[in-house]
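**Q** Sending over a structure as C-alpha cells; questions will come in a sec.
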Amino acid sequence: MQKGSNPNITENAQKLLDYLSDIAGHGIITGQHTQTIPMEEVRYIRNITGKTPKLLGFEMLSYSPNINWNDASEACLTEVRENEGTLETAMECAMRGDTILTFTFHWFSPIGGRDKSFYAEHTDFDASRILVEGTPERKAFYHDMDVVAGLLKPFCDKDIPIIWRPFHESDGTWFWWGAKGCEVARELYKMMYTYFTDKYHLNNLIWVWNCKIKEGYPGDGYVDIIAADVYLPEYKPTDYAAEYRELIDNTTHNKVAALSEVGYIPDAELLSKSRIPWAYYMTWSKEFCIGEQYNSEANLRNMYDSAYSVKN
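Remember, the working numbering sits 3 above the position in the sequence shown when you count from 1.
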C-alpha cells in the first residue's frame, strides 16, 4: 500500500491509490483521453472490442480564464469549443460509478498570449516570474488557481477522486510552464500543491508528477504517481520497460508509475510476462485512438481481451 502524500487525503482517494498500487505489476488499467463531449474515442473502442476503458481522461483547457478569443485560429477555437462542458461530462461518468477520472490542463497562459497560448511559442509569459513576490505573473497565476480550485471543488465535495496531472511534460520546453526549465515547473507544481491542499482542502486529488528529469522531481512529499508520456516514432510491440527504468531512476522508486499519455498502446502479452509495474496507460485522443494510423483494431482487441488488462 502507498499512503497519499497529502496526510488529509479523502477516504475514496486513498482507496483508489491503494488500488493503483495493488494492480501495478499484476495488471494494467486501460485508459483513454477524451477530446470532445461525445467521447467518440470511447464509442470507437466499445464498437471494436465490446468493452470500455476503465480510466477516462478529461481536458480542462476550455476553462482557462485567459483565452484570447480575438486572436485565435479556427483550430484553437474548435479545440476550446470541443472541450466546453467537459467537467460536467466527467461528473456524469463519475456518478455512474466504476470509472477512474484523470484531468489534464493545457493551461492558456495567465497573462498575454494568442492562439493556443499554452504553447510557449504563442506567449511571452515568463513562468520564472511567478516565483518572484509581487509580480503581475505571480498574481495572475494565483488568480487562475483560484478559478481552477473552484471548478475542482464539486468533485471534492462528493469525494470523487481525481488523478490530477498539472504542469505535464515539463521535461520539454513546448509549454509555458516548462519553457524556463523543469526546475521552474517543479516549483510551480509545489506552489499549486500547497495552495490546493492548505487553502482549498482539495483532498480528493491524487497528484501526478509528469517529468522524467532528475533535477525536476519535487520530492516524495508532493507526489503520488510518477508518470511518463511516450510517443514512439513508429509502432513496435512494447511493454515500455526502458521508459519505466528511466522514469524511476530519475524520480523515485517509492511511487506508483503510469503511462499518462501514449500514442501506441502497450502490448498486453509482453506486460503479462515482464510485469513492468505500470498501473495504467492513457492513449491520447482522436487519431491516436480512432482509425488505424496508430493503434490497429487487432491491437485494441488484444489489449481489451487480455486477462492482464482492467476494463469496464
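Virtual Cβ for every residue (Gly too), placed ideally from N, Cα, C.
Grab me the residues of F111's own chain with a C-beta within less than 6 Å of its C-beta, minus the 5 sequence neighbours each way, in chain order.
**A** Excluding sequence neighbours, F111 sits near S67, N69, I70, S120, F121.
**Q** Using only alpha-carbon positions, find the residue among R278, V83, I209 that is nearest to A245.
**A** Taking only the C-alpha atoms, the option nearest A245 is R278.
**Q** Are Y267 and Y225 close, meaning C-beta to C-beta below 7 Å?
**A** For Y267 and Y225, no; Cβs fall outside 7 Å.
**Q** Determine the contact status of Q35 and T286, defining contact as a CB-CB distance below 7 Å.
**A** Yes. Within cutoff.
**Q** Please list, in chain order, all residues of the same chain as F291 whose beta carbon is under 6 Å from its beta carbon, the five residues on each side excluded.
**A** Cβ neighbours of F291 beyond the five flanking positions: G266, Y297.
**Q** Can F108 and M63 be called in contact, C-beta distance under 7 Å?
**A** In contact: F108 and M63 (Cβ atoms closer than 7 Å).
**Q** Based on the DSSP secondary-structure assignment, which residues constitute the bridge partners of Q35?
**A** According to DSSP, Q35 bridges with L59, T286.
**Q** Shortest alpha-carbon distance to D129 belongs to which of F178, G28, Y307?
**A** Measuring from the Cα of D129, the nearest candidate turns out to be F178.
**Q** Between the C-alpha atoms of G28 and Q17, what's the straight-line distance to the nearest angstrom?
**A** Rounded to the nearest angstrom, the two C-alpha atoms are 19 Å apart.
**Q** In terms of residue numbering, what span does the beta strand (DSSP E) encompassing E264 cover?
**A** Run containing E264: 259-265, per the beta strand (DSSP E) assignment.
**Q** With a floor of 3 residues, list each beta strand (DSSP E) that falls wholly inside the segment 68-109, ordered by position along the chain.
**A** Here the runs fully enclosed are 103-107.
**Q** Under three-state DSSP, which class holds A301?
**A** A301: helix per DSSP, three-state reduction.
**Q** Alpha carbon to alpha carbon, how far is N257 from W167? Give it in angstroms, no decimals.
**A** Distance between the alpha carbons of W167 and N257: 18 Å.
**Q** List the residues that DSSP assigns as beta-bridge partners of R189.
**A** Note: R189 sits in no beta bridge, so no partner.
**Q** Select from A93, W180, I114 the residue whose C-alpha is nearest the C-alpha of P157.
**A** For P157, the nearest C-alpha among the options comes from A93.
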